[in-house]
Each structure stands twice: as structure tokens, then as C-alpha cells.
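J.: In the order they appear, the protein sequences are chains A and B. The opening residue of the first sequence carries number 24 in the numbering used here; numbering runs sequentially from there. The opening residue of the second sequence carries number 4 in the numbering used here; numbering runs sequentially from there. Glycine included, every Cβ here is placed at the ideal spot set by N, Cα and C. Once you've had a glance at the structure underneath, I'll fire off some questions.
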Amino acid sequence: MALAADIFPDTTFRLTLAADPVAVRAGLARIVASGPFAALSADHRATAEIVLAEALNNIAEHAYSGGPGDILIQLAAIPAGLECRIADRGREMPGGSPPVGVLPQEDLPEGGFGWYLIRSLTQGLTYQRKDGQNRLQFVIPV
Amino acid sequence: MQLQTQTRPKVLSVLVLNDRIDAASAIQFKEQMRDLTQSAGPRVVLDLARVQFLDSSGLGAIVAVRKLLAPDRVLELSGLTPTVEKVFRLTRMDSIFTIHPSHAVAIAYGTGG
Chain A
24 MALAADIFPD TTFRLTLAAD PVAVRAGLAR IVASGPFAAL SADHRATAEI
74 VLAEALNNIA EHAYSGGPGD ILIQLAAIPA GLECRIADRG REMPGGSPPV
124 GVLPQEDLPE GGFGWYLIRS LTQGLTYQRK DGQNRLQFVI PV
Chain B
4 MQLQTQTRPK VLSVLVLNDR IDAASAIQFK EQMRDLTQSA GPRVVLDLAR
54 VQFLDSSGLG AIVAVRKLLA PDRVLELSGL TPTVEKVFRL TRMDSIFTIH
104 PSHAVAIAYG TGG
């Protein structure tokens, strides 16, 4: 009965982690060692780690405002790339949608890069507020 | 954060020994850099050769250090690894820093040699 596992090796990876920067760092270490990441080139792994770091740290900092909370991450290798689904029970995105993500316009910006990186490096990004949860989904294209 | 410094007449070199500057370490990095560079000469070279990962918090901290040093001292960078280079390039912060391929090149740059 190992046939299905042979055809679809490690296609989905699930992880729940606490919404704080130290837990996010530890979670990213497990994510980059996961099955779906193994299918990616080194360059795409780097891209995916950057995007996931920004998305997860944004949830810790903004959705949960630095307070306690959980983040659920689901990753799947699909033909188009790495499909990422992220859910949390923090605050809704302001205005009900994620930031458009433009580069900060000041000369020496110390922040505001996160959503620019996420938007630049992903495709098919969707956001839903449902059942008290934020649900973010996107693909890291290969 | 583990930061290793080396002082030359006009250059303070800071080698980051950690493999990440991220949201969990950005504030500490900025504070340690502020303390380490208080009596620095005109050039501070931050060697990122061992840093494999930088997120937007880490990037913001490096920009903040550059601002802390201005106007009398300049922050230069060396040894960007592929992921770090990518973050600088995508955010166009590569255009506001002098970036040397290696620490040795950065030191030679200052002496005209």
C-alpha cells in the first residue's frame, strides 16, 4: 500500500507555531527542511524562506500585536511551485485586504519592505477573513 | 548576536558570526552595533559573509545603523551571501550602500591598494 506515498512523496507539510519571532525562526528551520522544500532549487528555497519569514512575522507583529497566538502553515509542492496557506486567529487585515506592498519612498527606510517582498515574489495571492481567522494563500512560482 | 570587531586606523570591521539577522535578533543587532561603533573611525565595514538569511527586520536594522553613524561615519557592507544579496537587490537597498565582494576588498578599497 506504499504506492500512493511513492507517487506523491511528502507533497503536504503542516506546522503550527507560536506567533513570536523566536518561534518563527525555529519554524522556518523546520519548513526549509520539509518535503515540499526539497523539490525546489536553492534559489527558490531562498525566495520561499524570505516570503514565509515576512508573512509569519507580520502575523506575529500585526495580527497578534506581539501577543500570544498560533499560526497554522500548510505547504504543498504543486506543478506551478510551492503553494502556501497560512491561517491565524489574530486581527483582521486593516481594510479587509493585505497591503498592496509598494517600496517605501523615504531615502533610508527602516521598515515597510515586508509586503513589497511578499507581493514581488508570489503569485495568485488571496486573503480571506472567515470564521474569525485570517487565511492567506499564495504560490512561490518556479 | 555575536559580533567580532577589528580596529584599523580608519576602519572598524564588524564580522557578524550569527547566520541570521532576522525579526528575533534585529533590535539586539542594532543596539550592539550602536555600542560597538561609538568610537569608530570614518569607515565601518559590516562583513556579512557568514549571514545566510536576512529578513526585512534585519534589513531595517542595517539601514538604522547606517543612519546612527551618519553624518561623520559611513557604513559599508561586504561578503553578501546569495539570499542576503537578493533582499538588498529586491528592495533596491543595494543602491544606497557601498557593497564590497569581500572583507579583504573592503579593506584594500580604503587604502587605495
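1. Decide if residue 118/A is buried, meaning its Cβ has at least 16 other Cβ atoms within 10 Å, or exposed.
2. Drop a sphere of 10 angstroms on the beta-carbon of residue 59/B, count the other beta-carbons inside from all chains shown, and report buried for 16 or more, exposed for fewer.
3. Counting C-beta neighbours from all protein chains within 10 Å, is the total for residue 167/A 16 or more, i.e. buried, or is it exposed?
4. Taking Cβ to Cβ, would you say residue 17/B is nearer than 8 Å to residue 39/B?
5. With the cut-off set at 8 Å, would you say residue 43/B and residue 15/B are in Cβ contact?
6. Give me whichever residues DSSP pairs with residue 36/A in a beta bridge.
7. Taking only beta-carbon positions, decide if residue 87/A is within less than 8 Å of chain B.
8. Just to make sure I have the definition right: I need the residues of chain B whose C-beta is within less than 9 Å of the C-beta of residue 73/A. Which are they?
9. Nearest-angstrom Cα distance between residue 77/A and residue 137/A?
10. Nearest by alpha-carbon distance to residue 81/B: which of 73/B, 100/B, 93/B and 90/B is it?
11. Starting from residue 102/A, find everything on chain B with Cβ-Cβ shorter than 9 Å and list it in chain order.
12. Would you verify that the beta carbon of residue 136/A is, or is not, closer than 8 Å to some beta carbon of chain B?
13. Could you pull out every residue in the same chain whose Cβ sits closer than 6 Å to the Cβ of residue 160/A, ignoring the five residues on either side in sequence?
14. My understanding is that residue 48/A touches residue 52/B, with C-beta atoms under 8 Å, so please give their C-beta distance in whole angstroms.
15. Consult DSSP for residue 22/B and reduce its assignment to one of helix, strand or coil.
16. Just to make sure I have the definition right: I need the residues of chain A whose C-beta is within less than 7 Å of the C-beta of residue 62/B. Which are they?
17. Straight-line CA distance for residue 59/A to residue 73/A?
18. Buried or exposed, going by whether 16 or more other CB atoms sit within 10 Å of the CB of residue 101/A?
19. Could you name the residues of chain A that residue 37/B contacts, counting a contact when the two beta carbons are closer than 8 Å?
20. Threshold first: 4 residues or longer. Then list the alpha helix (DSSP H) segments lying entirely within the region 38-98 of chain B, N to C.
21. Which residues in the same chain as residue 57/A place their Cβ atom closer than 7 Å to its Cβ, once the five residues preceding and following it in sequence are excluded?
22. Are any of the Cβ atoms in chain B nearer than 8 Å to that of residue 28/A?
23. Counting pairs of Cβ atoms below 8 Å between the region 83-95 of chain B and the region 124-143 of chain A, do you hit three or more?
24. For the beta strand (DSSP E) that contains residue 168/A, what are its first and last residues?
T.: By the coordinates alone:
1. By 1-based counting over the first sequence, the position of residue 118/A is 95. Label assigned to residue 118/A: exposed.
2. The sequence position of residue 59/B within the second sequence is 56, counting from 1. Answer is buried; the Cβ neighbour count reaches 16.
3. Residue numbering for chain A in the displayed model covers 24 to 165; residue 167/A lies beyond these limits and cannot be assessed.
4. Translated into positions along the second sequence, residue 17/B becomes position 14. Translated into positions along the second sequence, residue 39/B becomes position 36. Their beta carbons are under 8 Å apart, which means residue 17/B touches residue 39/B by this criterion.
5. Sequence index remark: in the second sequence, residue 43/B carries index 40 (1-based). Sequence index remark: in the second sequence, residue 15/B carries index 12 (1-based). Yes, they are a contact pair.
6. In the first sequence, the residue the question calls residue 36/A occupies position 13. Paired residue(s): 98/A.
7. Position 64 of the first sequence, counting from 1, holds the residue named residue 87/A. False, the Cβ-Cβ gap to chain B never drops below 8 Å.
8. Position 50 of the first sequence holds residue 73/A. In chain order: 56, 57, 58, 59, 86, 89, 90 and 93.
9. Along the first sequence, read from residue 1 onward, the residue named residue 77/A stands at position 54. Along the first sequence, read from residue 1 onward, the residue named residue 137/A stands at position 114. So the two alpha carbons sit approximately 5 Å from each other.
10. Looking up residue 81/B in the second sequence gives position 78. Comparing Cα positions, the closest option is 100/B.
11. Locating residue 102/A in the first sequence gives position 79, where the first residue counts as 1. Going along chain B, no residue has its Cβ under 9 Å from residue 102/A, so there is no contact; the nearest lies around 24 Å.
12. Working through the first sequence from its first residue, we reach residue 136/A at position 113. It does; some Cβ of chain B falls within 8 Å.
13. As a working note, residue 160/A is residue 137 in the first sequence. The residues are 108 and 149.
14. Residue 48/A sits at position 25 when you count from the first residue of the first sequence. Residue 52/B sits at position 49 when you count from the first residue of the second sequence. With a Cβ gap of about 20 Å, residue 48/A and residue 52/B do not count as contacting.
15. For this step, residue 22/B is matched to residue 19 along the second sequence. Three-state DSSP puts residue 22/B in coil, outside helix and strand.
16. In the second sequence, counting from the first residue as 1, residue 62/B sits at position 59. Simply 136.
17. Taking the first residue of the first sequence as 1, we reach residue 59/A at position 36. Taking the first residue of the first sequence as 1, we reach residue 73/A at position 50. Near 16 Å, if we compare the C-alpha coordinates of residue 73/A and residue 59/A.
18. As a position in the first sequence, residue 101/A is number 78, starting the count at 1. Exposed is the call here.
19. In the second sequence, counting from the first residue as 1, residue 37/B sits at position 34. Going along chain A, no residue has its Cβ under 8 Å from residue 37/B, so there is no contact; the nearest lies around 14 Å.
20. Counting whole runs of 4 or more residues, the region 38-98 of chain B contains the alpha helix (DSSP H) stretches 59-72 and 85-93.
21. The sequence position of residue 57/A within the first sequence is 34, counting from 1. The residues are 36 and 98.
22. What you label residue 28/A is simply residue 5 of the first sequence in a count that begins at 1. Because residue 28/A sits at a pLDDT of 49, beneath the cut-off of 50, its placement in the model cannot be relied upon, and the point is left open.
23. yes
24. Nothing about residue 168/A can be reported from this structure: the residues present for chain A run from 24 to 165 only.
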